Amino acid sequence: MTLKFIFDRVMAFAGLLLLWPVLLVIGILIKIRMPDGPVIFRQQRVGRYGRLFTMYKFRSMEAGQEGSSVSVAGESRITPLGAVLRRYKLDELPELWNVLIGDMSFVGPRPDVPGYADELRGEASAILKLRPGITGPASLKYRDEEEILASMPEPKEYNDNVIFPDKVRINLYYLSHYSFASDIKIIFCTILGKRMQYAGETI
Numbered sequence: 246m247t248l249k250f251i252f253d254r255v256m257a258f259a260g261l262l263l264l265w266p267v268l269l270v271i272g273i274l275i276k277i278r279m280p281d282g283p284v285i286f287r288q289q290r291v292g293r294y295g296r297l298f299t300m301y302k303f304r305s306m307e308a309g310q311e312g313s314s315v316s317v318a319g320e321s322r323i324t325p326l327g328a329v330l331r332r333y334k335l336d337e338l339p340e341l342w343n344v345l346i347g348d349m350s351f352v353g354p355r356p357d358v359p360g361y362a363d364e365l366r367g368e369a370s371a372i373l374k375l376r377p378g379i380t381g382p383a384s385l386k387y388r389d390e391e392e393i394l395a396s397m398p399e400p401k402e403y404n405d406n407v408i409f410p411d412k413v414r415i416n417l418y419y420l421s422h423y424s425f426a427s428d429i430k431i432i433f434c435t436i437l438g439k440r441m442q443y444a445g446e447t448i
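Each number in my numbering comes from the position in the sequence shown (counting from 1) with 245 added on.
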C-alpha cells in the first residue's frame, strides 16, 4: 500500500493548500452562527492497530452536546448551519489534517469512538490493520445513515445490531480485496454522490 500512503499525503497537502479559503469561510460562519463554542470539534477515535488519535471536524452541534456515539438526522443538538455542513460533508474537511499527519487515509473504515472497532474479536479485528478513512465502501453504502437511524424507534440498537455488523463485513472485504484503482473510484463516487458496484452489491 505504498502508493496509497504517498497519495494520501500528497493529496491531503494539496487539499489543505487549495481549500484553505473554504476552511476559513466555514470557520468564520461557525464563529458567527454558533459563538458559544469552538470552531473545531476534537474527539478521540480508534485508529490503526487500535491506537487512539484525535480526530478534527468542524463543530456542527451546540456546545457541550457532542460526544454521543450515534447521531440521527433532525436532532435538536445539531444546529441549522451544522445540518448543512453535515449534509454536504463539509464538517469533515479538517480531517485532511489527520490524513496529512498519518492518522487517517482518504479511503478506509470510518474511525469509531471507543467501544466499537476496538472491541472486535477474531477475524473481524483484522480491520484494525487499516488506517481509518474519510470515506470508504461502508461510508458510501450508509451515506444516509443519519436519516436511516432517524426512522428507527431504537436508533442505537439498530446501529449496533444491523448497521455496524454490516460495516464490519464490508470493511473486511475491502481489506482482502484492496486496490488503488478501487480507492480512486470510491473517492470520485463520494465527491459526486454516485453509486457503484462493490462486493456484489450497489453501494
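Heads up, the beta-carbon is just placed ideally off N, CA and C, and yes, glycines get one too. The structure displayed is predicted, hence computed values, not measured ones.
### Residues near L248 in its chain [Cβ-Cβ closer than 8 angstroms; skip 5 each side]
Position 3 of the sequence shown, counted from the start, is the residue given in the question as residue 248. Correct list, in chain order: F425.
### Query
To the nearest angstrom, how far is it from the Cα of P339 to the Cα of P356?
Counting from one through the sequence shown, the residue named residue 339 turns up at place 94. Counting from one through the sequence shown, the residue named residue 356 turns up at place 111. Going from the Cα of P339 to the Cα of P356 covers about 14 angstroms.
### CB of I431 within 8 angstroms of CB of L385, strictly
Working through the sequence shown from its first residue, we reach residue 431 at position 186. Working through the sequence shown from its first residue, we reach residue 385 at position 140. Yes, they are a contact pair.
### Strand pairing of S370, partner residues [DSSP]
Numbered from its first residue, the sequence shown carries residue 370 at position 125. For S370, which the question treats as bridged, DSSP gives no partner whatsoever.
### Query
When you compare only the Cα positions, how much space is there between Y418 and A444?
Numbered from 1 along the sequence shown, position 173 holds the residue referred to as residue 418. Numbered from 1 along the sequence shown, position 199 holds the residue referred to as residue 444. Spanning the alpha carbons of Y418 and A444 requires a straight line of approximately 7 angstroms.
### Query
Over what stretch of residues does the beta strand (DSSP E) that includes T435 continue unbroken?
Counting from 1 along the sequence shown, the entry for residue 435 is found at position 190. No beta strand (DSSP E) contains T435, which is instead part of the alpha helix (DSSP H) from F425 to L437.
### Message
Could you compute how far the alpha carbon of K334 sits from the alpha carbon of V407?
### Response
The residue given as residue 334 occupies position 89 in the sequence shown. The residue given as residue 407 occupies position 162 in the sequence shown. Each residue's Cα considered, the two are about 23 angstroms apart.
### Task
Can you check DSSP and say which residues form a bridge with V291?
As a working note, residue 291 is residue 46 in the sequence shown. Per DSSP, L297.
### Message
Give me, in chain order, the residues of the same chain whose beta-carbon lies closer than 6 angstroms to that of R331; leave out the 5 immediate sequence neighbours on both sides.
### Response
In the sequence shown, residue 331 corresponds to position 86, counting from 1. Beyond the five residues adjoining it in sequence on each side, R331 comes within less than 6 angstroms, by CB distance, of S305 in the same chain, given in chain order.
### Message
On a Cα-Cα basis, can you pick out the residue from I273, L297, G381 and P280 that is closest to I415?
### Response
Counted from its first residue, the sequence shown places residue 415 at position 170. If we check each option's Cα against that of I415, G381 comes out closest.
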